[in-house]
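Line by line, the protein sequences give chains A and B. Residues in the first sequence are numbered consecutively from 1, following this note's numbering. Residues in the second sequence are numbered consecutively from 551, following this note's numbering. What follows is a short report on a single structure.
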Amino acid sequence: MASEQPRKAVLQASESEGATAGGAHVGEGHGSAPRGMLRWLLTTNHKDIGTLYLIFSLSMLFIGGIMALVIRTELFQPGLQMVQPEFFNQMTTMHGLIMVFGAIMPAFTGLANWMIPLQIGAPDMALPRLNNFSFWLLPVAFLLLLSTLLMEGGGPNFGWTFYAPLSTTYAPPSTSFFIFSLHIAGISSILGAINIIATILNLRAPGMRLMDMPLFVWTWLITAFLLIAVMPVLAGAITMMLFDINFGTSYFNAAGGGDPVLFQHLFWFFGHPEVYIMILPAFGIVSAIVPTFSRKRLFGYASMVYATGSIAIMSFLVWAHHMFAVGLPLVAELFFMYTTMLIAVPTGVKVFNWIATMFRGSISFEPPMLFAIAFIVQFTIGGFSGLMLAIAPADFQYHDTYFVVAHFHYVLVPGALFAILAGAYYWLPKWTGFYPHEGLSKWHFWLSVIGVNLTFFPMHFSGLAGMPRRIPDYALQFADFNMLSSIGAFLFGISQLLFLVVIVKCARGGVRAPACAWEGAVDLEWSVPSPAPLHTFEIPPQTRDGQIIR
Amino acid sequence: MSSGSYYVPAHSAWPIFGVLAVGGMMIGTGIWMVHGSAAWLSGIGLLAVVLVMAGWFRDVVRESMGGLYDDQMDRSFRWGMAWFIFSELMFFAAFFGALFYLRTFALPWLDGEGAKGVTALLWPDFTASWPLMTPPDASIAGPRELLSPWQLPLANTLLLVSSSVTLTVAHEALKMEFRRTARNWLAGTVVLGLCFLTLQGIEYYEAWHHLGLTLQAGVYGGTFFLLTGFHGLHVTIGTLILIVMLVRVIRGHFSSERHFAFEAAAWYWHFVDAVWIGLFLFVYVF
Chain A
1 MASEQPRKAV
11 LQASESEGAT
21 AGGAHVGEGH
31 GSAPRGMLRW
41 LLTTNHKDIG
51 TLYLIFSLSM
61 LFIGGIMALV
71 IRTELFQPGL
81 QMVQPEFFNQ
91 MTTMHGLIMV
101 FGAIMPAFTG
111 LANWMIPLQI
121 GAPDMALPRL
131 NNFSFWLLPV
141 AFLLLLSTLL
151 MEGGGPNFGW
161 TFYAPLSTTY
171 APPSTSFFIF
181 SLHIAGISSI
191 LGAINIIATI
201 LNLRAPGMRL
211 MDMPLFVWTW
221 LITAFLLIAV
231 MPVLAGAITM
241 MLFDINFGTS
251 YFNAAGGGDP
261 VLFQHLFWFF
271 GHPEVYIMIL
281 PAFGIVSAIV
291 PTFSRKRLFG
301 YASMVYATGS
311 IAIMSFLVWA
321 HHMFAVGLPL
331 VAELFFMYTT
341 MLIAVPTGVK
351 VFNWIATMFR
361 GSISFEPPML
371 FAIAFIVQFT
381 IGGFSGLMLA
391 IAPADFQYHD
401 TYFVVAHFHY
411 VLVPGALFAI
421 LAGAYYWLPK
431 WTGFYPHEGL
441 SKWHFWLSVI
451 GVNLTFFPMH
461 FSGLAGMPRR
471 IPDYALQFAD
481 FNMLSSIGAF
491 LFGISQLLFL
501 VVIVKCARGG
511 VRAPACAWEG
521 AVDLEWSVPS
531 PAPLHTFEIP
541 PQTRDGQIIR
Chain B
551 MSSGSYYVPA
561 HSAWPIFGVL
571 AVGGMMIGTG
581 IWMVHGSAAW
591 LSGIGLLAVV
601 LVMAGWFRDV
611 VRESMGGLYD
621 DQMDRSFRWG
631 MAWFIFSELM
641 FFAAFFGALF
651 YLRTFALPWL
661 DGEGAKGVTA
671 LLWPDFTASW
681 PLMTPPDASI
691 AGPRELLSPW
701 QLPLANTLLL
711 VSSSVTLTVA
721 HEALKMEFRR
731 TARNWLAGTV
741 VLGLCFLTLQ
751 GIEYYEAWHH
761 LGLTLQAGVY
771 GGTFFLLTGF
781 HGLHVTIGTL
791 ILIVMLVRVI
801 RGHFSSERHF
811 AFEAAAWYWH
821 FVDAVWIGLF
831 LFVYVF
């Protein structure tokens with residue numbers, strides 16, 4: 001009896017399916033989208049969600065930046081002036097966590113939301129409601145994380161790498177909240193990455209093969225794979241922490257047969273691919289900007305794709321180079337030293353390809369190109385200091401010094417962050433319909449370059465001279481370098497306010513941008529009007545070799 | 551690549567409710583763990599998560615039954631589910647990785663083996679063994695006795711493996727439009743899942759109260775309960791999904807061609823089954 005009636009329902013379903021299968025059909029609520037706050041809370045539109053991600057990321061950049069300035073104020077002179085060591089530790093920890101999980105990662109996800117559907121000729125992301133869910137988890141996660149600063153015993157104070165037993169046995173009570181906030185942010189990342197992969201694999205315009213995709217799409221496809229592979233490992237590691245803290249398990253407690261070093265292995269198995277999660281999309285952005293402003297095709301497109309893939313695969317084989325000084329067996333030291341050095345090969349392929357793209361190009365130096373060129377030069381500096389750190393015997397000298405701080409800030413600030421800024425300047429005309437103010441943008445660029453190098457370059461020297469990281473006070477001989485770093489940090493921090501001014505001005509008006517805002521830009525996003533209307537590519541365009549043929 | 555037709559769903563309030571539910575559950579659980587109060591917030595959050603998922607999926611089912619979805623949407627769901635399962639696989643990989651690391655490296659080093667034998671100075675009397683019955687420090691009591699893998703765990707293995715078989719039979723029957731057969735075999739699968747969970751409950755009770763095998767019983771207790779516990783949680787979720795599928799089969803939601811929800815549930819169930827094989831081998835037998 002149960003099987004008769006149902007069949008009808010199925011038939012009805014398949015009939016109405018046939019009736020609508022021909023054209024693009026949009027859900028019923030799309031014509032009358034809610035306004036005001038509700039629009040943003042309920043939105044399933046990839047451009048709205050992209051904007052939300054970018055605004056969230058910018059606010060986190062400023063919050064994390066203020067924490068960095070607290071750190072630099074304390075370090076302006078030797079001795080304890082401004083803050084207590086306990087609070088200093090909370091600042092270094094929160095600065096790292098907020099910049100990594102709150103600023104850089106959401107910025108790239110925001111750019112992916114905005115640009116990937118436009119670059120592959122899709123109407124939206126593959127799973128738009130999931131997209132809304134992924135975004136709104138983030139404010140919850142970071143409100144929870146920030147609220148730990150107000151709790152009894154203070155917020156996380158064990159460094160952004162939260163090594164056990166500092167983060168278990170000796171941690172403040174708020175650590176469980178920190179764990180849950182990371183869980184929420186992790187769910188957000190995983191679901192966002194699933195959405196991006198489904199979009200790229202399934203929603204490309206007819207005729208667009210994988211090897212026709214812009215490199216930003218390619219790098220994000222591979223980044224999303226990395227996210228899905230390693231965020232769950234982080235979730236597992238912090239779950240073990242949670243149980244060690246609250247339920248008396250012994251994962252990271254040697255007294256019960258566990259091992260604190262196990263935590264480091266788990267953390268860095270996540271942490272090293274995480275480093276590439278924060279840089280591969282940057283490679284994609286630079287690979288879009290350099291050809292545009294050189295008015296040439298990208299040199300070595302296929303080798304760029306393969307290099308990105310190799311970097312991603314190798315990122316799973318290098319994690320213990322963060323742990324050379326922890327007491328690994330010799331064979332492990334050697335293995336991780338060689339694999340780490342090997343990564344320089346695909347990375348070098350990329351840098352040489354960008355330079356070869358510029359070679360004999362007709363280059364112009366608009367703000368996106370300035371940031372992209374600065375990225376190439378300064379990221380390479382960070383890459384080379386990474387090679388120095390990869391030499392296991394030498395790492396015993398550099399380990400946990402300001403040399404490490406200089407290294408990863410060079411790849412993350414003038415590296416990842418500059419690429420994000422380059423991308424923002426590149427795509428702002430598409431988002432707002434107006435060019436960003438050229439004069440102010442260039443001021444922003446030059447002040448940022450000077451500020452960032454003044455901040456981080458002296459850290460190489462203080463580090464090589466032996467200044468340890470995560471210390472609120474230091475020996476007198478490091479005073480000059482630290483003073484320079486602090487001055488540079490304030491210059492860099494304040495000049496980011498210029499960026500805010502540029503964005504607000506650009507949203508309100510300025511020089512109108514045509515559909516193709518930059519001479520030499522060829523990707524699909526430049527075929528839709530500027531500003532991009534709320535709905536684009538509702539009928540898929542026919543493409544060949546990545547270009548619309550109709 | 552795109553086929554020439556798109557479905558873009560309407561805006562929905564479920565995601566934002568979902569965010570509130572997840573946030574409430576996590577924050578409530580945090581307060582509960584840290585301050586020992588507000589367990590109710592955790593409970594309400596969990597209930598809200600379940601309700602939001604029910605509501606969200608109900609809308610998706612209605613849209614699907616209304617014929618709004620095309621092949622492309624179907625493929626998006628397939629990619630989504632496949633990568634979700636991959637993320638679950640990596641979650642379990644973290645716990646298996648920890649288990650292998652502890653057994654292979656950490657414990658022998660604590661016993662003085664290898665280049666890192668200096669750690670043996672901490673507890674000179676410690677002898678490494680697996681399963682670890684005597685943890686290094688006297689303040690932590692190990693388990694008194696262990697479960698034999700050839701009793702309840704073996705029964706559970708047989709239950710889960712046969713449940714994968716019955717589920718496959720149900721799927722094949724659905725593909726051939728034998729809906730009554732599909733319903734019966736799917737119901738059998740649900741029963742096998744419930745039996746598994748019952749036996750695991752008995753096993754946990756036995757371990758905790760009679761054998762001294764608890765979360766606090768050194769590193770073996772922790773690895774045992776977290777690995778089997780997260781697996782059990784997944785069996786619970788999988789059983790709930792299968793029950794929903796059973797209701798949908800009975801209501802005739804699925805045709806022989808279009809039944810991705812059923813397939814996704816089956817993928818999930820087989821995945822949970824495969825994880826159990828790993829558990830049986832490396833937690834119980836070896």
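Virtual Cβ for every residue (Gly too), placed ideally from N, Cα, C.
Membership of residue 418 of chain A in the alpha helix (DSSP H) is indicated by the continuous run 418-432.
Residue 411 of chain A carries a helical assignment under DSSP once its states are collapsed to helix, strand and coil. Counting only Cβ-Cβ distances below 7 Å, residue 569 of chain B has contacts in chain A at 133, 136, 137 and 140, in chain order. Residue 783 of chain B counts as exposed, since fewer than 16 other C-beta atoms from the protein chains shown sit within 10 angstroms of its C-beta.
A residue is called buried once 16 or more other Cβ atoms fall within 10 Å of its Cβ, and residue 809 of chain B is buried on that count. What residue 495 of chain A touches in chain B, judged by beta-carbon distance under 7 Å, is nothing: the nearest beta carbon there is about 35 Å away. Listed by position along chain A, the residues whose Cβ is nearer than 9 Å to that of residue 651 of chain B are 259, 261, 262, 265 and 266.
Within chain A, the residues whose beta carbon sits less than 8 Å from that of residue 629 of chain B are 126, 194, 197, 198, 201 and 202, listed in sequence order. Residue 124 of chain A and residue 338 of chain A have their C-alpha atoms some 43 Å from each other. For residue 533 of chain A, no Cβ of chain B is located within less than 8 Å of the residue's own Cβ. Contact between residue 146 of chain A and residue 187 of chain A does not hold, since the beta-carbon distance rounds to 18 Å and is not under 8 Å. Among the residues facing chain A, residue 583 of chain B is included, as its CB has a counterpart in that chain under 8 Å away. DSSP, read as helix, strand or coil, puts residue 471 of chain A in coil. Across the structure, residue 733 of chain B and residue 720 of chain B are spaced so that their CA atoms are roughly 7 Å apart. With contacts defined as CB atoms closer than 8 Å, residue 414 of chain A and residue 517 of chain A fail to qualify as a contacting pair. Identification of chain B residues near residue 396 of chain A by a Cβ-Cβ cut-off of 7 Å yields none; the smallest Cβ-Cβ distance measures about 16 Å.
In this structure, the alpha-carbon of residue 230 of chain A lies about 35 Å from that of residue 450 of chain A. Under the three-state reduction of DSSP output, residue 170 of chain A falls in the coil class, being neither helix nor strand. A Cβ-Cβ distance of about 30 Å is found for the pair residue 282 of chain A and residue 396 of chain A, leaving them out of contact under the 8 Å criterion.
Inclusion of residue 412 of chain A and residue 454 of chain A in the CB contact set at 8 Å is not warranted, their separation being larger than that value. With a cutoff of 8 Å on beta-carbon distance, residue 651 of chain B and residue 444 of chain A are scored as not near each other. With respect to chain A, the C-beta atom of residue 824 of chain B has no partner C-beta closer than 8 Å. Contact between residue 426 of chain A and residue 368 of chain A holds, since their C-beta atoms are separated by about 4 Å, short of 8 Å.
Under the 10 Å beta carbon count, residue 477 of chain A is surrounded by fewer than 16 other beta carbons and is classified as exposed. Annotation for residue 306 of chain A: the continuous alpha helix (DSSP H) segment containing it runs 301-314.
Annotation for residue 160 of chain A: no alpha helix (DSSP H) segment contains it, and DSSP assigns it neither H nor E.
Using a Cβ-Cβ distance cut-off of 8 Å, the stretch 613-632 of chain B and the stretch 594-601 of chain B are not in contact, since fewer than three pairs of beta carbons, one from each stretch, lie closer than that value. Every alpha helix (DSSP H) stretch that sits fully inside the stretch 319-407 of chain A and reaches 4 residues is listed by chain position as 330-342, 344-358, 367-390 and 392-398. Residues of the stretch 38-49 of chain A with a Cβ closer than 7 Å to any Cβ of chain B, in chain order: 41, 42, 43 and 44. With its beta carbon at least 8 Å from every one in chain A, residue 759 of chain B lies outside the interface. Annotation: Cβ neighbours of residue 633 of chain B in chain A (cutoff 9 Å, chain order): 190, 193, 194, 197, 198, 224, 225 and 228. Counting only runs of 4+ residues, the alpha helix (DSSP H) found wholly inside the stretch 201-276 of chain A occupies 215-246, in chain order.
One alpha carbon belongs to residue 766 of chain B, the other to residue 242 of chain A, and they sit about 13 Å apart.
Under the Cβ distance rule, residue 144 of chain A counts among the residues neighbouring chain B, one pair being separated by less than 8 Å. Setting aside the 5 residues that flank it on each side, residue 825 of chain B is surrounded in the same chain by 642 and 781, each with a C-beta closer than 6 Å to its C-beta; the list follows chain order. Judged by DSSP secondary structure, residue 85 of chain A falls within the alpha helix (DSSP H) whose first and last residues are 85-97.
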